[in-house]
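Here's the structure we're looking at; comments come further down.
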Amino acid sequence: MTVPLLELRDVAKHFAGVKALDGVSLSIGAGEIHCLAGENGSGKSTLIKVISGINAVDRGAILIDGADVGAMTPRQAIALGVQVIYQDFSLFGNLTVAENLSIGAELRNRRRIVNWRRMREHAEAAVQRLGVHLDLDATVDSLPVSGRQLVAIARALMADPRLLIMDEPTTALTGREVATLFGVVRDIQARGIAILFVSHKMREMLDISERLSVMRSGRVVANGPIADFDEVAITRAMTGTDIAEE
Ligand code: ADP
Ligand code: MG
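Encoded structure:
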């Protein structure tokens, strides 16, 4: 059996009495598009924060390539290849696309001299690899949501991730923009990068993902290849109506 890229074993996390994660076990294979579904409050964002080292776990283990990473800081998570695209994109709105793409690379640069020309070349290469059009000199605030999202994706890819996590990436997109995003996501996968795609939209999950995990009340209540699911099965898992009806 191949060792998964990421594995969570019996992970628990509570906030002041709320069990945000209540014994979560989950595996993501290298280069896999894995969808994480669940209603509001089911624990999806907390799971992302645990994987990215923002929230420490109360119990359980996080393994990367089969090795327990222990208490992981955000810096360690990045070094291990985890990148997150949050719903707000965390960009500098009054700076240009090129500047936003340069900042991360420059922060990792240990030398004191800023090489603007090289930074610009790296930014250009990052956008070109995405295969989309983005004006490097446009201010981020002047771009539509879909454009800002592409900047966030390009920036994340510049860190050479092995796992790219996207939290509800289609919320503010039109149908055409979702199609563009899915093309980009498949290209990223073709580079061998795994994607954890957090969503609560049925059709999108069924369209983009290879495996699906469904969360409810801090637990993973269903997990398997996407072919095992349809809209009814996902809804039942998300809402727990199978239990309520019986
Ligand atoms: P989702 O992303 O699926 O909507 P969350 O992970 O954000 O769910 O939240 C799971 C549960 O944990 C919710 O009940 C939420 O209110 C609670 N929670 C999340 N973060 C915090 C926090 N920082 N402090 C207190 N409660 C929190
Ligand atoms: Mg959330």
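Each residue of the sequence shown is one higher than the one before, counting from 486 in our numbering. Cβ atoms here follow ideal geometry from the backbone N, Cα and C, with glycine treated the same way.
For ASP573, the nearest candidate out of THR726, ARG602 and VAL625 (CA to CA)
Measuring C-alpha to C-alpha distances from ASP573 to each of THR726, ARG602 and VAL625 identifies VAL625 as the nearest.
Looking at C-alpha atoms only, which residue of ARG602, TYR571, PHE714 and VAL630 is the closest neighbour of PHE682?
The alpha carbon of PHE682 has as its nearest neighbour, out of ARG602, TYR571, PHE714 and VAL630, the alpha carbon of TYR571.
My understanding is that ILE650 touches ILE536, with C-beta atoms under 8 Å, so please give their C-beta distance in whole angstroms.
Yes, they are in contact, since the Cβ atoms of ILE650 and ILE536 sit about 7 Å apart, within 8 Å.
For GLY526, which of ASN540, LYS504, LEU648 and ILE539 has the nearest alpha-carbon?
It is LYS504 whose Cα lies nearest to the Cα of GLY526.
Closer than 7 Å to a non-hydrogen atom of ligand 1 - does that hold for the CB of ASN525?
Yes.
Cβ of LEU615 within 8 Å of Cβ of VAL669?
Cβ atoms of LEU615 and VAL669: closer than 8 Å.
So does THR469 have its beta carbon nearer than 7 Å to some heavy atom of ligand 1?
With the chain running from 486 to 731 in the structure shown, residue 469 is simply not present.
How would you write the range of the alpha helix (DSSP H) that GLN634 sits in, first residue to last?
In the DSSP assignment, GLN634 falls within the alpha helix (DSSP H) that extends over 630–643.
Any idea what DSSP makes of GLU689, helix, strand or coil?
Three-state result, GLU689: helix.
Measuring alpha carbon to alpha carbon, tell me which residue in ARG676, HIS519, PRO629 and MET643 is nearest ALA657.
Closest by alpha carbon: PRO629.
N- and C-terminal bounds of the beta strand (DSSP E) containing GLN568
GLN568 -> beta strand (DSSP E) spans 567–570.
Just the C-alpha distance for ALA641 and VAL569, rounded to the nearest angstrom, thanks.
In a straight line, the C-alpha of ALA641 is about 7 Å away from that of VAL569.
Nearest to ILE693 by alpha carbon, out of THR665, ARG603 and THR726?
Considering only alpha carbons, the answer is THR665.
With HIS685 and GLY523 assumed to form a contact (beta carbons below 8 Å), what rounded beta-carbon distance in angstroms separates them?
Yes, they are in contact, since the Cβ atoms of HIS685 and GLY523 sit about 7 Å apart, within 8 Å.
Chain-ordered residues, beta carbon under 6 Å from a heavy atom of ligand 2:
Going by the Cβ distance cut-off, the answer is LYS529 and SER530.
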